[in-house]
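Written below as structure tokens is the structure these notes are about.
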Amino acid sequence: MTDPTPVLTLTPQGLYCPAGGFHVDPWRPVPTAVVTHGHADHARWGHARYHAAAPGEGILRRRLGADIDLASHAYGAPLALGDATVSFHPAGHVLGSAQVRIEVAGEVWVVTGDYKREADPSCAPFELVRCDGFVTEATFALPIYRWDPGEKVVGEILAWWAENARRQRTSILFCYALGKAQRLLAELHARTGTERTVHLHGALVPMVDAYREAGVPLAPTAPVSAAPKGETFAGELVLAPPSAMGTTWMRRFAEPQTAFVSGWMRVRGQRRRRGYDRGFVLSDHVDWPDVLRTVAETGARRVLCTHGYADTLARFLREERGLDAAAIETAFEGEADDG
Amino acid sequence: MRRFARLYADLDATTKTNAKVDAMAAYFESAPAADAAWALFFLTGERLKRLIGSRTLRAWVQELAELPDWLVDDSYAAVGDTAETVALLVDATVGGEGEADELGLAAWMEERILPLRRLDEAGQKDAIQGWWCRLDREQRFVVNKLLTGGFRVGVSQGLVVRAIAKVSGLDGAVVSHRLMGGWQPTAENYEALLRGDDGAADASRPYPFFLASQLEAEPATLGPIEDWLVEWKWDGIRGQLVKRAGAVHLWSRGEELVTERFPEIERAGLDLPDGTVLDGEILAWDTNGVMPFAALQKRIGRLKLSAKILKEAPVRFLAYDLLEEEGADIRPVAQLERRRRLEAVVAGARDALGTSELVHAESWAELAELRAHARERRVEGLMLKRRGAPYQVGRRRGDWWKWKIEPLTVDAVLIYAQAGSGRRANLFTDYTFAVWDDGGLVPIAKAYSGLDDKEIAELDRWIRRHTVERFGPVRSVPAAQVFELAFEGIQRSARHKSGIAVRFPRIARWRRDKPAAEADRLDGVKAMLTE
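As they're listed, the protein sequences go chains P and S.
If you read the first sequence in the working numbering, its first letter stands for residue 1, the second for the next number, and so on.
If you read the second sequence in the working numbering, its first letter stands for residue 1001, the second for the next number, and so on.
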């Protein structure tokens, strides 16, 4: 960013808009934070004032405290901050996730946060916003990452559950606590209309509650801890965060079969390293074809890449697409690789 | 192909060994014998030699997917396996769907893959790119695996043997032996294997090697020293010398036939009676005794053995066991008795064949003293073999122990890291370490092992956050992390910038307590030279 008065600049606190006097997803405390979504690497604790999209309010207050100074905004509604006009547009990543559109003196920039193009019954679909400058995530920006349709993957998960149930085994599906777990519950509800209760590790309960309160239809759930002592959950489906894998919490289940639901499961070595029986490739991030498509459709001439394979994506856009693209160092982690 | 691809996916979809054995047994029971023979060939780790290189496959996918070469390299670094990288890149280009191919594995091998050898490069490329575009992702991946070899699906030789034993009702040790020595994947051989029929046994076939375990406890825990035969532990190539029907076959432990590499040993072996099999060590050996392993490497690396190399690196087979005598399998005979017969068989042999001398000690303390000076004898330590034990199959704890000398150690600084492969794909696990020399850092070793998963993950994060420069898949990092490296020996080397080469380097521990400036200096390391 070499402009004399750039719309966005990188400071030690994070991305900053000098004209508007605010940061986007800052990782150190600032006076005004515009937050794209509730994942911990984007929505951090300690800012004086927060702005975010309305559907994510419940998530942010659960994560950061009920009493944070948070202004929620409907998708698309313009907000004047200093000399900048800001608006939030669905990113399709998790409930309440937003791309932040920033307009200063006729120049438009969009910061995506995390996003995906694929349909997801648990959140509003991605909205394409034309812009001059585009700050995109690059968590899975390598051509090896291309997602099968969610429908196909959910079908594989159901088949796996059915096979385990036939053998009286517990199916434990590991997934991230915010986003993936609720997407799975929404998919199970939407695709199968199942009324079968899905059991939850305690760490997943607060965010599932937040989605329900926001009116997202989910399959019925009950915490594992609510079951009587001695219940082995034979034939049942249990959702748990990756941190529960291999802990004593798993002891009570009947011959548990484990699987991890993540974009990383696309690569065999990743799955074998973590020791899961199965890996299901379902991600809340854009894959390679979609990140290229999105960059092209925004019409942006300048692209900044964050997360994961930022260097790879920037080089590809520069050398193969002739765009003014660069990677920027951020503290964003995307779908954390150490789950 | 669909059935075999399914087996591969089933093996890959579980971490439980019983489930893997069951999946293989189910496959062997249902597949036609010709297909099963090829499946067995690949599952036991065999591969087609010099068919099409990994680099070539990556170049062809680069062309097909219209990607820049650096992006294929980056993708490969993230996946760590050529067959899989190619399957995924094709997927991103033409999609993951494709036809379920009903042609069996044997027909695939014999009608499609092996005939590739007769095609020129353009023809090979057309054929393979055609398969990639036609098959679905799972089959595409498995075909790539057939081309490149290296079927790592968490299936050890032992599990394959268990599956065959289950299907045939034969004893596992018998199955292991029948599969030794270049088993050929034909329907006839497979059916003979299941019947337990050993009619036209191959005259070159070796026995499964008995492998020693590392002794970690005090040797006194093994009982009285009188119960044990003691030998030096040589740093050479484990081998089996087979003399049958007037011919000599020398096998390495990796089941490679290496007779041609070592004509002196072959000549000496011809003097042995027919029906003799020796277990021992191939060593480079001149008038001063055993030479460093590097000398032996010269004999392995060259395509043609020149008179010069034969002279510079003469070799010797030091036998330490007799497995077959006068055509009879004597593996059940006690160790001490086998040793006695071995000495009788080898007595009077040419120079290139001898027995590994026995080490005599009255007490464990005396033996420990001998071991302390092992490095001066250019050996790696001692072998302890129970006098009454039979010769067993594979790594069985209890009767054969290797009691290695304490390794040499050095404190070195991490300077480069590269992503690993297989289950370490996309994790920085291949490290380059350096020591100080004249105010700068000189690389002395690469190491891949020694850290636990937690340490690997932590170091991986540190490397990602502190990358200074990238050279393709390699990242340089600031000189900050110090590790204690252990290794078995140091030799001079003109090929390395540091002037030294270390043998079997690995990480002993992470020295978080030590600043980089206090890592060792090159002259200190050179003082340990073992030559």
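Every residue, glycine too, gets a C-beta built ideally from N, C-alpha and C.
_Top-ranked residue by Cα proximity to R1267(S), from L1241(S), R1299(S), P1208(S), L1011(S)_ = Stepping through the second sequence from its first residue, residue 1267(S) is reached at position 267. Residue L1241(S) is the option with its Cα nearest to R1267(S).
_Tell me the rounded alpha-carbon separation between R1178(S) and Q1392(S)._
Residue mapping note: residue 1178(S) aligns to position 178 of the second sequence, counting from 1. Residue mapping note: residue 1392(S) aligns to position 392 of the second sequence, counting from 1. When rounded, the distance between both Cα atoms is 15 Å.
*Return yes when the Cβ of L1323(S) is within less than 8 Å of the Cβ of R1316(S), no when it is not.*
Counting from one through the second sequence, the residue named residue 1316(S) turns up at place 316. Counting from one through the second sequence, the residue named residue 1323(S) turns up at place 323. Not closer than 8 Å, so no.
*Anything in the stretch 140-173 of chain P with a Cβ closer than 8 Å to a Cβ of chain S? List those residues in chain order, please.*
L142, P143, I144, Y145, R146, D148
*State the start and end residues of the unbroken alpha helix (DSSP H) segment that holds H189(P).*
Start at 1 with the first residue of the first sequence, and residue 189(P) comes out as number 189. Note, H189(P): alpha helix (DSSP H), 180-192.
*Would you say G1067(S) reaches chain P, if we count a Cβ-Cβ gap shorter than 8 Å as a contact?*
Here residue 1067(S) refers to the residue found at position 67 of the second sequence. Here residue 1067(S) turns out to be Leu, not Gly, going by the sequence shown. Closer than 8 Å: yes.
_Does the CB of E1063(S) have a neighbour CB from chain P at under 8 Å?_
Mapped onto the second sequence, residue 1063(S) falls at position 63. E1063(S) does not count as touching chain P.
*Spell out a yes or no on whether the stretch 140-158 of chain P and the stretch 297-314 of chain P are touching, meaning 3 or more CB-CB pairs, one atom from each, closer than 8 Å.*
yes
*Using a Cβ-Cβ cut-off of 8 Å, state whether A1508(S) counts as contacting chain P.*
If you number the second sequence from 1, residue 1508(S) lands on position 508. Cβ-Cβ to chain P under 8 Å: no for A1508(S).
*Any C-beta of chain P sitting closer than 8 Å to the C-beta of L1088(S)?*
Counting from 1 along the second sequence, the entry for residue 1088(S) is found at position 88. Yes, L1088(S) counts as interfacial toward chain P.
*asked:* Taking 7 Å as the cut-off, is the beta-carbon of Y75(P) closer than that to any non-hydrogen atom of the ligand ATP?
replied: Within the structure as shown, the ligand ATP is missing, as the structure has no ligands at all.
*With T312(P) as the anchor, note down where its beta strand (DSSP E) starts and where it stops.*
Locating residue 312(P) in the first sequence gives position 312, where the first residue counts as 1. That residue, T312(P), is in no beta strand (DSSP E); its alpha helix (DSSP H) goes 310-321.
_Please classify T1432(S) as buried or exposed, where buried requires at least 16 neighbouring CB atoms within 10 angstroms._
Working through the second sequence from its first residue, we reach residue 1432(S) at position 432. Per the 10 Å Cβ criterion, buried.
*Quick one: which chain P residues come within Cβ less than 8 Å of R1058(S)?*
Position 58 of the second sequence, counted from the first residue, corresponds to residue 1058(S). What R1058(S) touches in chain P: nothing, since even the nearest Cβ is about 12 Å away.
*asked:* Using the three-state DSSP reduction, which class does D1329(S) fall into: helix, strand or coil?
replied: On the second sequence, residue 1329(S) is found 329 positions in, with the first residue counted as 1. D1329(S): strand per DSSP, three-state reduction.
*Is there at least one Cβ from chain S nearer than 8 Å to P346(P)'s Cβ?*
In this structure chain P extends from 1 to 339, so residue 346(P) is not present and cannot be described.
*Find out if the Cβ-Cβ distance for the pair A1486(S), R1506(S) is shorter than 8 Å.*
Within the second sequence, residue 1486(S) is the residue found at index 486, counting from 1. Within the second sequence, residue 1506(S) is the residue found at index 506, counting from 1. Yes.
*Would you kindly work out how many angstroms separate the C-alpha atoms of D337(P) and M265(P), rounded to a whole number?*
As a position in the first sequence, residue 337(P) is number 337, starting the count at 1. As a position in the first sequence, residue 265(P) is number 265, starting the count at 1. With a pLDDT of 42 at D337(P), under the threshold of 50, the modelled position of this residue cannot be trusted, and the question is left open.
*Between the stretch 247-262 of chain P and the stretch 164-177 of chain P, do three or more beta carbon pairs fall short of 8 Å?*
yes
_Proximity to E1138(S) [Cα-Cα], best of L1119(S), M1001(S), I1052(S), T1056(S)_ = By one-based count along the second sequence, residue 1138(S) stands at place 138. Answer by Cα proximity: M1001(S).
*Could you work out which residue in K1402(S), V1290(S), R1339(S) is closest to E1376(S) when comparing CA atoms only?*
Against the second sequence, residue 1376(S) aligns to sequence position 376. Of the listed residues, the one whose Cα sits closest to E1376(S) is V1290(S).
_Suppose you measure from the CA of R1397(S) to the CA of L1193(S); what does that come to, to the nearest Å?_
Sequence index remark: in the second sequence, residue 1397(S) carries index 397 (1-based). Sequence index remark: in the second sequence, residue 1193(S) carries index 193 (1-based). Cα-Cα distance, rounded: 28 Å.
*Indicate the three-state DSSP secondary structure (helix, strand or coil) for C305(P) in the structure shown.*
Here residue 305(P) refers to the residue found at position 305 when the first sequence is read from its first residue. Correct three-state label for C305(P): strand.
*Whole-Å CB distance - V7(P) paired with V100(P), under 8 Å assumed*: What you label residue 7(P) is simply residue 7 of the first sequence in a count that begins at 1. What you label residue 100(P) is simply residue 100 of the first sequence in a count that begins at 1. Contact flag wrong, Cβ pair sits at about 11 Å.
*What does L289(P) reach in chain S if we use C-beta pairs closer than 7 Å?*
Residue numbering aside, residue 289(P) sits at position 289 when the first sequence is read from its first letter. According to the sequence displayed, residue 289(P) carries Pro and not Leu. Those within 7 Å of P289(P) in chain S are A1092.
*Give a yes or no on whether the minimum CB-CB distance between P6(P) and chain S is below 8 Å.*
Here residue 6(P) refers to the residue found at position 6 of the first sequence. No, because no Cβ of chain S sits closer than 8 Å to the Cβ of P6(P).
_Completely contained beta strand (DSSP E) runs for the stretch 1272-1324 of chain S, where each covers 3 or more residues_ = 1276-1286
*Check whether the Cβ atoms of R301(P) and A1013(S) sit closer than 8 Å, and answer yes or no.*
On the first sequence, position 301 is the one that residue 301(P) refers to. On the second sequence, position 13 is the one that residue 1013(S) refers to. No, they are not a contact pair.
*Measuring only between beta-carbons, confirm whether L1451(S) sits less than 8 Å from chain P.*
Here residue 1451(S) corresponds to residue number 451 of the second sequence, with the count starting at 1. Not one chain P Cβ lies under 8 Å of L1451(S).
*chain S partners of Q13(P), CB-CB under 7 Å?*
Translated into the one-based positions of the first sequence, residue 13(P) becomes position 13. In chain order: nothing, as chain S lies at least about 17 Å away.
*Would you tell me roughly how many angstroms separate the C-alpha atoms of R96(P) and V238(P), rounded to the nearest one?*
Numbered from 1 along the first sequence, position 96 holds the residue referred to as residue 96(P). Numbered from 1 along the first sequence, position 238 holds the residue referred to as residue 238(P). Reading off the sequence shown, one finds Gly at residue 96(P), where the question assumed Arg. Between G96(P) and V238(P), the C-alpha separation is close to 25 Å.
_Against chain S, does E118(P) count as a neighbour if the rule is that its beta carbon must be under 8 Å from one of theirs?_
Locating residue 118(P) in the first sequence gives position 118, counting from the first residue. So, not an interface residue.
*What's the C-alpha gap between W1060(S) and D1126(S)?*
In the second sequence, counting from the first residue as 1, residue 1060(S) sits at position 60. In the second sequence, counting from the first residue as 1, residue 1126(S) sits at position 126. So the alpha carbons of these two residues sit roughly 9 Å apart.
*Hey, does F332(P) have any beta-carbon neighbour from chain S nearer than 8 Å?*
Position 332 of the first sequence, counted from the start, is the residue given in the question as residue 332(P). So no, F332(P) is outside the interface.
_Taking 6 Å as the limit between beta carbons, can you name the residues of its chain near P217(P), skipping five residues before and five after?_
As a position in the first sequence, residue 217(P) is number 217, starting the count at 1. H189.
*asked:* Please state whether the Cβ-Cβ distance between Q1335(S) and L1229(S) is less than 8 Å.
replied: Start at 1 with the first residue of the second sequence, and residue 1335(S) comes out as number 335. Start at 1 with the first residue of the second sequence, and residue 1229(S) comes out as number 229. Closer than 8 Å, so yes.
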